[in-house]
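First the structure, in the form of structure tokens, and then the observations on it.
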Amino acid sequence: MGRGRVDFDRGLTRLSAYAREHGNANPKAHEEWLTWRIGLWVSSLRAKYRKGKLTDEQVAKAEAIGVRFVPPYRDRKPKPPTRAERRGGELLRRLEWLEDFFREHGHINVPQIRGISTWPGAGRWIARLRSQYREQKLPQSVVAKAERMNIVWNPGPGRRSY
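If you're matching positions, the sequence shown starts at 21 in this note's numbering and goes up one per residue.
Structure follows, in structure tokens:
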């Protein structure tokens, strides 16, 4: 190797091992791996690419491993879910809590006063769900799942005991 310089093929071999371990071939410039400054080597590789000092074959080999020569070098971080997506996910999770009731009764029209044994507030939650449906504030995925569970969106006045 000599004085810290690594030839192209040897560096590419090490970089492919790094990529298998880390899932990408684009280390940060300050990163070290197996006592080798892999980030510095990739940075110099990119500099050579910009100056036109790499052959087409070398560029193809590096890109086959996953090296990116044009920014952004790394994939963008996934965006966190929006408030609406989190809310929709929570509503779907709560509908899953009613799966046993649905299997037993064939619907999820839970009595508002007593709810179900595992979730006493289920009836009131279904009433709020219906209200949000009438106001058109429910995500379509929630509406579709509730309809698959045979919800009645407008149940009528129901029984009242005075």
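Glycine included, each C-beta is placed from N, C-alpha and C at the ideal position.
Contact belief for Arg-134 with Gly-143 at Cβ below 8 Å, rounded distance in angstroms: If you number the sequence shown from 1, residue 134 lands on position 114. If you number the sequence shown from 1, residue 143 lands on position 123. Confirmed, Cβ separation roughly 7 Å.
Straight-line Cα distance separating Lys-165 from Val-172: One-based indexing of the sequence shown puts residue 172 at position 152. One-based indexing of the sequence shown puts residue 165 at position 145. Our two residues, Val-172 and Lys-165, have alpha carbons roughly 12 Å apart in a direct line.
Beta-carbon proximity check, Pro-159 vs Gly-126, cutoff 7 Å: Here residue 159 corresponds to residue number 139 of the sequence shown, with the count starting at 1. Here residue 126 corresponds to residue number 106 of the sequence shown, with the count starting at 1. Not in contact: Pro-159 and Gly-126 (Cβ atoms no closer than 7 Å).
Pick from Arg-168, Pro-140, Ile-146 and Leu-32 that is closest to Ala-82, judged by C-alpha positions: Taking the sequence shown and counting its residues from 1, the one referred to as residue 82 is at position 62. For Ala-82, the nearest C-alpha among the options comes from Leu-32.
Cα-Cα separation between Leu-60 and Ala-37, rounded to whole angstroms: Translated into the one-based positions of the sequence shown, residue 60 becomes position 40. Translated into the one-based positions of the sequence shown, residue 37 becomes position 17. If you take the alpha carbons of Leu-60 and Ala-37, they lie about 16 Å apart.
Delimiting residues of the alpha helix (DSSP H) encompassing Gly-59: Residue 59 sits at position 39 when you count from the first residue of the sequence shown. According to the DSSP assignment, Gly-59 belongs to the alpha helix (DSSP H) that extends over 58 to 71.
Opening and closing residue of the alpha helix (DSSP H) in which Glu-119 lies: In the sequence shown, counting from the first residue as 1, residue 119 sits at position 99. Annotation for Glu-119: the continuous alpha helix (DSSP H) segment containing it runs 119 to 125.
Gly-143: first and last residue of the uninterrupted alpha helix (DSSP H) it sits in: For this step, residue 143 is matched to residue 123 along the sequence shown. It spans 142 to 154 - the alpha helix (DSSP H) in which Gly-143 sits, taken as one unbroken run.
Helix, strand or coil at Ile-133 [DSSP, three-state]: For the purposes of this step, residue 133 is identified with residue 113 of the sequence shown, where counting begins at 1. In this structure, Ile-133 counts as coil in the three-state DSSP scheme.
Terminal residues of the alpha helix (DSSP H) in which Ile-85 lies: Position 65 of the sequence shown holds residue 85. Here the alpha helix (DSSP H) through Ile-85 covers 76 to 85.
With 16 other Cβ atoms within 10 Å as the buried cut-off, status of Pro-92: On the sequence shown, position 72 is the one that residue 92 refers to. Classified as exposed, Pro-92 has fewer than 16 neighbouring CB atoms from the shown chains inside 10 Å of its CB.
Closest Cα partner of Glu-41 within the set Lys-48, Val-162 and Trp-53: Within the sequence shown, the letter at position 21 stands for residue 41. The shortest C-alpha to C-alpha distance from Glu-41 to any of Lys-48, Val-162 and Trp-53 is the one to Trp-53.
Assigned exposure category for Arg-113 - 16 Cβ within 10 Å defines buried: What you label residue 113 is simply residue 93 of the sequence shown in a count that begins at 1. With fewer than 16 other Cβ atoms from the protein chains shown falling within 10 Å of its own Cβ, Arg-113 counts as exposed.
Simplified DSSP assignment, three categories, for Asn-170: For the purposes of this step, residue 170 is taken as the residue at position 150 of the sequence shown. Three-state DSSP puts Asn-170 in coil, outside helix and strand.
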